[in-house]
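These protein sequences, in sequence, are chains A and B. Position 308 (the first sequence) corresponds to 307 in numbering that gives the first Met the number 0; numbering is contiguous. Position 460 (the second sequence) corresponds to 459 in numbering that gives the first Met the number 0; numbering is contiguous.
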Amino acid sequence: MSNVLSSILSAEFFFSIIRITSPILFATLGAVIVEKAGISNIGLEGIMMISALFGSLCAYWSSSWFVGLLAAMIVGVIVALIMSVFAFQLKTDIILVGIAINMIGSGGTIFLVKSITNMTEGEALSSTTSLITSELQIPTVQIPLIQNIPVIGPIISGHSLLTYLAFLLVFLTWVLLYKTSLGLNLRSVGENPNAASSVGVSVTRVRYTAMALSGLMAGLGGAFMSMSYAMGWSLNMVAGRGFIALAAQAMGSGEPFGAMLATIVFGFAQAFGIKLSSIGLDSNLSSPIPYIITIIGLVVFAIVKRKRDAKRVAAVGAKQRKEK
Amino acid sequence: MAEYNSEYAVEMRHISKVYPNGVAANQDVDLCVRKGEIHALMGENGAGKSTLMKMLFGLEQPTSGEIIVNGEKVNLTSPTVAIAHGIGMVHQHFMLVPSLTVAENMVLGMVPKKNGVLIDYAKAVEITKEYSEKFNLEVDPDAKVMDIPVGMKQKVEILKALVRGAKILILDEPTAVLTTQETSELFKELVNLKKQGYTIIFISHKLNEIMQITDRLSVLRGGKFMGVRETKDVTPQEISRLMVGRDVVLTVEKDQAKPTDTVLSVRDLEYVNEYGKTMVNKLSFDVRKGEILGIAGVEGNGQKELVDILFQFATAGGGSVTVNGENILGLNQAQIREKGVALIPEDRMLYGIAGDASIEENLISDRCGKKELNSGLMFNMKKIHQMSKQLIEDYIILCKSAEQKVGMLSGGNIQKVVVAREFSSNPQLIIADQPTRGIDVGATEFIRKKLVELSRSGIAVLLISADLNEVMELSDSLIVMHGGRIAGYFEDASKLDDEMMGEYMLGLKRQSEEEIRRVCHE
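Below you can see the structure in the form of structure tokens.
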């Protein structure tokens, strides 16, 4: 037992939590932004898969991780904008569009990777792992000074560049939502589109922007998966992270920092599951852990929210009576 | 431009609006509003007031006619264009974002910025304070809109229009959601705005409010312009004549009622709406077998809420309601029907019928689970056809067949489907809420006759109607509601005259508690 505990409380374990949290965090921020605009983008999972594929392929073709990263971001935005055209212009239900994108993310990507590699490499590959070398991975960063601090150093330093970007983006998302006029428009469109349009805010333009931003975030998450978390793209590698992001968004009340905390909880759950199986627990028992925690988390969140809302309603009622 | 009269802030000339489905909401309407006046636009629900104002705010475009603002002919294609011409609108349903602060709502769409990107929130608060003080409209800039009372929300809406440069303010039934105190506060603010040179168009159908604060008034009825008057020269009676129009007087033959046992008994009923406004205030009355008890009153005085409570569309805040001595509060609609209560709902398209279903399906919708229409698992179609055929004949529903969609029928025939179902359900109590609103004369007469016939056969009828003519002609005895309470009870409705009714309806007169208590036949 003490053996289990000491291996869990190791710096290496906490390092893995941060690493595992990063890709989910990107998608979570994407979910936070669109939900604020009143849109449920359940296609984040699919966007991550598609971006992950094109990220690794472009990195290989250009022999540059940076080009690969850029490609993943652009592909993410394009897919999200295609979704927007279907949802906002052609008036398809956004949930159905999301389901379609997720199916393309799993079925379409394997078709694409086979047909593309068949043309370029002369053989149909079912993953890009054989094409990616460690030079094409997104570089890791050793933070001067901090890396030398005992305990903290090995946990915080040495992560992928994208991990630091993910946590920085939490702050930037908060600034975007609460300190810029785009954020204000976004939130008002999400809550009362009539109010927004009655003062001349273009509801459609704001929705497109929100979708594009969520695509950008999911693209970054996808890039992390194929260019940092794993060596190259393989089928179903995103493994529900896009959906966990939606849960984290809800648990964090749709706020960037709250959602970040929820994401870390999920990151911990996954790391914990991996750890348990690495020290001998049957993986059939350990792999459901993150998903069980997701469900428990959502239930707890729902109960807390209900209590908070009841309090709020009571407070307004009391104020109303006092005014009289 | 010289050809237009610059005395007016707004001139709407020969405005017509015909919707694609052929409904003419406005026909050749003229509305002229002088600069710096409070001008009332009056009319019953469905008279076309909102449509006319939507056109002035650019939300809809007239089919024909022209709009002149401050002497300049304009083409108001969107609210943004209307705002640019100095027109602002305070909608009945607030156009506010609940989770944003008052200041953020104020500047939405015209956000002050610092460093080019970030919102200058301090500046937004400053603007809010500046306007709030200038116009004496007190708001809390930092409070979230969801946490402030309705009266303050309305102030925010007015300020929003002012900060965008509005000189002409349209207020769509602004007092509908306000408490009495909030209403008088609003009136003070409006008079204050008028003094500062603002023009206000005030939509309402409450006579007392109009008399209190407006300079002139225009009346619409059935989409047509009925005239414009100086408020000081007009009597409430004249306004009500213009608004309601008792020109087509249909009289229904009926003999003296011989009421017996009490069926519906309402005691100390209370209802407070979501905004904390008391809509039904300690209401008590009885309806007996064999009588029609009418409820008259200006709309918005608790009649709608009363019906909602009686049929469990709303939950009472206190009091009791019994039918033949059995409680019906808290029961669902099917259980209430089991007790012998039938309802002709005010909104027949929403609560009366399913438009896409056939006439037959609508006729059996309250009884399709009953044994007599079912044989085992399946419907007994023979019986259903037979029953619906009989009802269509009895109630003279003009249709191609029982399979025709109800939504395709005319208003009068739709209402006859509702009435046929409700009257044939063996009711002990019929609640008829605006039973003849907006339907043709023939159907109206038919339904009125049926109501009298049923009451004389020993059924209790509660009739709620905004149509004075109807409620006075049909009722045996009559209640006038005002402010959620009974203002007067008249045992013999035939002895009433319009003028007397008007005074009670407008709250100018009120009977003593003893007189009112006579409506409880204990």
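Heads up, the beta-carbon is just placed ideally off N, CA and C, and yes, glycines get one too.
{"Check": "Starting from the C-beta of V247(B), find all residues in its chain whose C-beta is less than 6 Å away, skip the five residues before and the five after it, and write them out in chain order.", "Outcome": "With a pLDDT of 45 at V247(B), under the threshold of 50, the modelled position of that residue is not reliable, and the figure given next carries that caveat. For V247(B), where only same-chain residues beyond five positions count, there are no Cβ hits under 6 Å."}
{"Check": "Any beta carbon from chain A within less than 8 Å of V116(B)'s own beta carbon?", "Outcome": "yes"}
{"Check": "Would the beta-carbon of A123(B) fall within 8 Å of that of M145(B)?", "Outcome": "no"}
{"Check": "Is the Cβ of L183(A) closer than 8 Å to any Cβ of chain B?", "Outcome": "yes"}
{"Check": "Between L52(A) and W232(A), which are expected to be in contact by the criterion C-beta below 8 Å, what is the C-beta distance as a whole number of angstroms?", "Outcome": "5 Å"}
{"Check": "What are the boundary residues of the beta strand (DSSP E) that includes T277(B)?", "Outcome": "T277 to R287"}
{"Check": "Under DSSP, the beta strand (DSSP E) around A8(B) begins and ends at which residues?", "Outcome": "Y7 to V17"}
{"Check": "Can you tell me which residues form a DSSP beta bridge with L268(B)?", "Outcome": "L282(B)"}
{"Check": "Of the choices F110(A), S133(A) and E134(A), whose alpha-carbon is the least far from that of A123(A)?", "Outcome": "F110(A)"}
{"Check": "Which residues mark the beginning and the end of the beta strand (DSSP E) in which K72(B) is found?", "Outcome": "E71 to V73"}
{"Check": "Give the interface partners of E190(A) over in chain B, defined as CB-CB distance under 7 Å, in chain order.", "Outcome": "V96, P97 and S98"}
{"Check": "Can we count L28(A) as close to the ligand NAD, meaning its CB is less than 7 Å from some heavy atom?", "Outcome": "The ligand NAD is not among the ligands present in this structure, which contains no ligands whatsoever."}
{"Check": "Just the chain B side, please: which residues come within less than 9 Å of R186(A) by C-beta, in chain order?", "Outcome": "V96, S98, L99 and E103"}
{"Check": "Under a Cβ-count criterion, where at least 16 other Cβ atoms within 10 Å of its own Cβ denotes burial, should F271(A) be classed as buried or exposed?", "Outcome": "buried"}
{"Check": "So, for S126(A): in the same chain, excluding its five sequence neighbours on each side, which residues have a beta-carbon less than 8 Å away from its beta-carbon?", "Outcome": "V112, G231, W232, S233 and L234"}
{"Check": "For a cutoff of 8 Å on Cβ pairs, would you count V306(B) as touching chain A?", "Outcome": "no"}
{"Check": "If you follow the alpha helix (DSSP H) that G279(A) is in, where does it begin and where does it stop?", "Outcome": "G279(A) -> no alpha helix (DSSP H), and no H or E assigned at all."}
{"Check": "Taking R206(A) as part of the alpha helix (DSSP H), name the residues at either end of that continuous run.", "Outcome": "V202 to F223"}
{"Check": "Just tell me which of L263(B), E360(B), C31(B) and K338(B) has its CA closest to the CA of E229(B).", "Outcome": "C31(B)"}
{"Check": "Rounded to a whole number of angstroms, what is the C-alpha to C-alpha distance between T293(A) and A246(A)?", "Outcome": "7 Å"}
{"Check": "Please report whether the beta-carbon of G197(A) lies at a distance below 8 Å from any beta-carbon of chain B.", "Outcome": "Reading off the sequence, residue 197(A) comes out as Ser, not Gly. S197(A) counts as touching chain B."}
{"Check": "Note the first and the last residue of the continuous beta strand (DSSP E) segment covering M480(B).", "Outcome": "S476 to H481"}
{"Check": "DSSP three-state call for M225(B): helix, strand or coil?", "Outcome": "strand"}
{"Check": "With N117(A) as the anchor, note down where its alpha helix (DSSP H) starts and where it stops.", "Outcome": "T108 to T119"}
{"Check": "Would a C-beta distance cut-off of 8 Å place R206(A) and F85(A) closer than the cut-off?", "Outcome": "no"}
{"Check": "Which same chain residues end up closer than 8 Å to G107(A) when comparing Cβ atoms and leaving out the 5 residues on each side of it in sequence?", "Outcome": "I49"}
{"Check": "Find the residues of chain B that neighbour V202(A), judging by a C-beta separation of less than 9 Å, and give them in chain order.", "Outcome": "In chain order: nothing, as chain B lies at least about 11 Å away."}
{"Check": "Distance, Cα to Cα, Q302(B) vs G253(A)?", "Outcome": "42 Å"}
{"Check": "At 9 Å on the CB atoms, spell out the chain B contacts of K178(A), in chain order.", "Outcome": "V116, L117, I118 and Y120"}
{"Check": "Where does C398(B) fall in DSSP's three states?", "Outcome": "coil"}
{"Check": "Quick one: list the residues of chain A neighbouring T79(B), beta-carbon separation under 8 Å, in chain order.", "Outcome": "G199"}
{"Check": "Can you find a C-beta in chain A that's less than 8 Å from the C-beta of G108(B)?", "Outcome": "yes"}
{"Check": "Compute the Euclidean distance between the alpha carbons of S203(B) and L40(B), then round it to the nearest angstrom.", "Outcome": "6 Å"}
{"Check": "Going by DSSP, what residue range makes up the beta strand (DSSP E) through I67(B)?", "Outcome": "S63 to V68"}
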